[in-house]
Each structure stands twice: as structure tokens, then as C-alpha cells.
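Right, one structure below, let's go through it.
The structure is reproduced here in C-alpha cells:
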């Protein structure tokens, strides 16, 4: 009887830890291959605005057999990232602020890239 209670307690602990770890970060955007430069720029911009964020990569495709996450921020546009999915993530409490900051960044881009008449 004690063994069953110990096993149930451990299972409950595992479920709680898994639920907490999933809620710690939420994905704003994801990109693959040649589109990763834009997501890396957004990551750097969020960092400059003191918004906690991270880039996660997942290996995808038939060679990997499964997706695996690694907390990496890579700043290379090489062809080796074709089979990797980059995810820009923030904490759930910072999600709305991050979206607003990224909209601000897009407005700044448009202002600097609009030709003057």
C-alpha cells in the first residue's frame, strides 16, 4: 500500500513539474530556414527592451526522427538551419508587452524604409 502511495505521489509531482515548465514560456513566432534572420532580429530587439525572451530550436525532418529543444540563440543564416524550427518565446506575463514592442519595431522599420517624395 505504501508503495502505491509513493508511486502516485511521484506521478503527481511529475505532472505538476511538467505543467509548470510548459507555462513558463509561450511562443510568439516561429520560423524555419531562410526566415530565421527576422526572428533573430526580433529576439535581439526584445532583449534590448529588457523583455525576457529566448530562441528555441527544434530539429525536424526525417533525419532527426523527433523534435528536440535546445535553448540557443544562433545568429547565423547558414544553410544548416533548413531542418530546424526556431521559436521566439517570452514569458506568458510579458506576452502582450512583447507584441506591442514588436509592433513598435515594425513601425520603425516602415518609417526608415519608406522612400520620401
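In the numbering used here, the protein residues as written are 820 to 936. Ideal Cβ positions, reconstructed from N, Cα and C, are used throughout, including at glycine.
Under a Cβ-count criterion, where at least 16 other Cβ atoms within 10 Å of its own Cβ denotes burial, should residue i be classed as buried or exposed?
{"i": "residue 929", "result": "exposed"}
{"i": "residue 844", "result": "buried"}
{"i": "residue 876", "result": "buried"}
{"i": "residue 829", "result": "exposed"}
{"i": "residue 874", "result": "buried"}
Could you confirm whether any beta carbon from chain C is found closer than 7 Å to the beta carbon of residue i?
{"i": "residue 909", "result": "Looking at the structure shown, chain C is missing, and only one protein chain is on hand."}
What would DSSP say about residue i, mapped onto helix, strand or coil?
{"i": "residue 875", "result": "strand"}
{"i": "residue 851", "result": "strand"}
Is the separation between the beta-carbon of residue i and that of residue j shorter than 7 Å?
{"i": "residue 905", "j": "residue 837", "result": "no"}
{"i": "residue 950", "j": "residue 862", "result": "Since the displayed the chain opens at 820 and closes at 936, residue 950 lies outside it and no answer follows."}
{"i": "residue 909", "j": "residue 917", "result": "yes"}
{"i": "residue 870", "j": "residue 913", "result": "yes"}
{"i": "residue 903", "j": "residue 878", "result": "yes"}
{"i": "residue 821", "j": "residue 907", "result": "no"}
On the DSSP letters alone, give me the boundaries of the alpha helix (DSSP H) that residue i sits inside.
{"i": "residue 859", "result": "855-867"}
{"i": "residue 906", "result": "Run containing residue 906: none in the alpha helix (DSSP H); it sits in the beta strand (DSSP E), 903-909."}
{"i": "residue 924", "result": "914-932"}
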